[in-house]
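Numbers 30 to 386, taken from this note's numbering, label the letters of the sequence shown in order. Ideal Cβ placement from N, Cα and C applies to all residues, glycine included.
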Amino acid sequence: MELPNRLFVAPMAGVTDRPFRMLCKRLGAGYAVSEMVTSKRELWSSLKTSRRANHDGETAPIAVQIAGVDPVEMAEAARYNIDRGAQVIDLNMGCPAKKVCNVWAGSALMSNEPLALRIVETVVAACAPLSVPVTLKMRTGRCASDRNAVALARAAESAGVAMVTVHGRTREQGYTGLAEYDTIAAVKAALRVPVVANGDIDSPAKALAVLRHTGADALMVGRAAQGRPWIFREIAHFLETGHLLAPPATLDVSAWLLEHLQDHYGLYGELAGMRTARKHIGWAVRDLPGGEGFRQAMNVLETCEAQVQAVDGFLSRLAQDHPLWPAGVNQPVADEALTTTQPVPSAANDERLRQLA
Ligand SMILES: Cc1cc2nc3c(=O)[nH]c(=O)nc-3n(C[C@H](O)[C@H](O)[C@H](O)COP(=O)(O)O)c2cc1C
Numbered sequence: 030m031e032l033p034n035r036l037f038v039a040p041m042a043g044v045t046d047r048p049f050r051m052l053c054k055r056l057g058a059g060y061a062v063s064e065m066v067t068s069k070r071e072l073w074s075s076l077k078t079s080r081r082a083n084h085d086g087e088t089a090p091i092a093v094q095i096a097g098v099d100p101v102e103m104a105e106a107a108r109y110n111i112d113r114g115a116q117v118i119d120l121n122m123g124c125p126a127k128k129v130c131n132v133w134a135g136s137a138l139m140s141n142e143p144l145a146l147r148i149v150e151t152v153v154a155a156c157a158p159l160s161v162p163v164t165l166k167m168r169t170g171r172c173a174s175d176r177n178a179v180a181l182a183r184a185a186e187s188a189g190v191a192m193v194t195v196h197g198r199t200r201e202q203g204y205t206g207l208a209e210y211d212t213i214a215a216v217k218a219a220l221r222v223p224v225v226a227n228g229d230i231d232s233p234a235k236a237l238a239v240l241r242h243t244g245a246d247a248l249m250v251g252r253a254a255q256g257r258p259w260i261f262r263e264i265a266h267f268l269e270t271g272h273l274l275a276p277p278a279t280l281d282v283s284a285w286l287l288e289h290l291q292d293h294y295g296l297y298g299e300l301a302g303m304r305t306a307r308k309h310i311g312w313a314v315r316d317l318p319g320g321e322g323f324r325q326a327m328n329v330l331e332t333c334e335a336q337v338q339a340v341d342g343f344l345s346r347l348a349q350d351h352p353l354w355p356a357g358v359n360q361p362v363a364d365e366a367l368t369t370t371q372p373v374p375s376a377a378n379d380e381r382l383r384q385l386a
């Protein structure tokens, strides 16, 4: 499986739907993982799950994340999604959401290693005959005193996972505090399969620092891509050249957002599309001059057409005073962000990623 680069879009339920994944891939991401799909068969025909399992027109490779607690159900969910186009199955052992954790799924599985491994083994056994690799996304552990990511990742590798992503927080942390990268570096040092570093990567400088600190094979970016999907090409450019890319033209951002909106409405339909698009528009404008006022005014609009006209008008006016996008501009590279003893990942890492399949 050839990946264009080592920059991944993080799975984010309610955010990284197909239109958003496609947008990120167009703007420099080499790989994207879908929002999690439940292993509960009775929910597969729900509108929400069937939208998530729809990959029409999506650029390969198509990676689908599944969440659940029962090994056999998880294997069935894997096959169901492979039948609908999944080329990689990702196991969710990283999500701290109550809805998931109350049933011992998501990151709660890290506290139950025997069950976590039975899930890995059963899903790998179901996917191997179809030549579909199984990957794993996890946190560093349950809490600061119980960081078992290395042990679980090693066992999962022995059970056949093809790649491991680690979000540098414990389950107990949720999204609070800062991500730490020592545990990710330890997982990387312990495994032969590719390891992906995730957590708080929000600039090209931070991306380089995390790559160097962890020696990871790839980086995964989540929240920083909300409203700023071109962060992937900014990071890619910086990693390739050592130079920061200029901010995009405001009119280019406007065109990307308007195309994203059309794709979004196409997936969700008029009413749900208009409502769920509000968050994407809000993220895009939040740091702009006049952005907060625009966001509030836009939130009372009731049709897709009105939404598109408002966005078009706001960004066209912005472009007159700001030909280049005036928010979220690349930060200068902080010296301390680059201070590290770890080498930049090598060509051997690139090779491991290429061999993911
Ligand atoms: C709104 C939201 C939804 C998320 N949904 C998922 C999910 O479905 N599966 C998963 O493994 N992680 C999920 N995550 C966690 C992210 O994939 C990622 O690990 C986390 O946000 C840390 O990366 P970041 O600092 O780059 O955002 C979600 C995060 C957010 C903010």
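Straight-line gap, residue i to residue j (C-alpha atoms, nearest Å)
i	j	result
V62	T45	8 Å
A247	L36	6 Å
W259	P318	20 Å
S160	I111	10 Å
P33	S68	30 Å
T194	E299	36 Å
P361	K235	Here the model assigns P361 a pLDDT of 43, short of 50, so the residue's position is not dependable, and the following value carries that caveat. Distance between the alpha carbons of P361 and K235: 11 Å.
Q349	E31	41 Å
G295	A219	44 Å
V222	S345	47 Å
M327	S283	15 Å
W354	L120	37 Å
C130	A89	Because the pLDDT at C130 is just 48, under 50, the model does not fix this residue reliably, and the value given afterwards should be weighed accordingly. Computed Cα separation, rounded: 30 Å.
R81	W73	10 Å
K77	R147	28 Å
Member of the options whose CA lies at the smallest distance from the CA of residue i
i	options	result
M65	W312, A107, F323, V179	A107
A335	Y60, R55, G135, L287	L287
A92	E331, V98, N83	N83
C172	L347, P162, A208	A208
S232	R200, V190, M192, P276	P276
R257	D281, D119, D341, T270	D281
D99	A89, R70, D85, T78	R70
Y109	S79, D85, A89, A137	S79
A356	L181, T279, C333	T279
C333	L72, G302, H351, Q116	G302
Q116	L52, Q94, T270	Q94
L230	V224, F261, L144	A quick correction: the sequence has Ile, not Leu, at residue 230. With distances taken between Cα atoms, I230 lies closest to F261.
E201	L76, A137, E321, H351	A137
V337	S75, R304, D316	R304
CB of residue i within 9 Å of CB of residue j, strictly
i	j	result
M249	A265	no
G135	A96	yes
F49	H293	yes
V38	G311	no
A245	I213	yes
L237	L274	no
G59	E263	no
G123	M167	yes
A339	F323	yes
I118	V179	no
A182	V216	yes
R176	T199	yes
G170	M139	yes
H309	L330	no
R47	G86	yes
7 Å CB neighbourhood of residue i in its chain, flanking five on each side removed
i	result
D364	Unreliable positioning characterises D364 in this predicted model, as indicated by a pLDDT of 35, which lies under 50. The coordinate reading is nonetheless provided below. Contacts found: none.
Y210	G197, A226, V239, H242, T243
G228	H196, G197, R198, A208
L52	P258, W285, H289
Any non-hydrogen atom of ligand 1 within 8 Å of residue i CB
i	result
Q94	yes
H196	yes
G256	no
G43	yes
A253	yes
Y109	no
G123	yes
E64	yes
V250	yes
I264	no
I230	yes
Y204	yes
P40	yes
K166	yes
A61	no
N227	yes
A208	yes
Own chain residues within Cβ distance below 6 Å of residue i, not counting five before or after
i	result
A104	T151, V152, A155
A185	V149, L165
A313	G256, L286
Own chain, CB closer than 8 Å to residue i, minus 5 neighbours either side, in chain order
i	result
A157	G189
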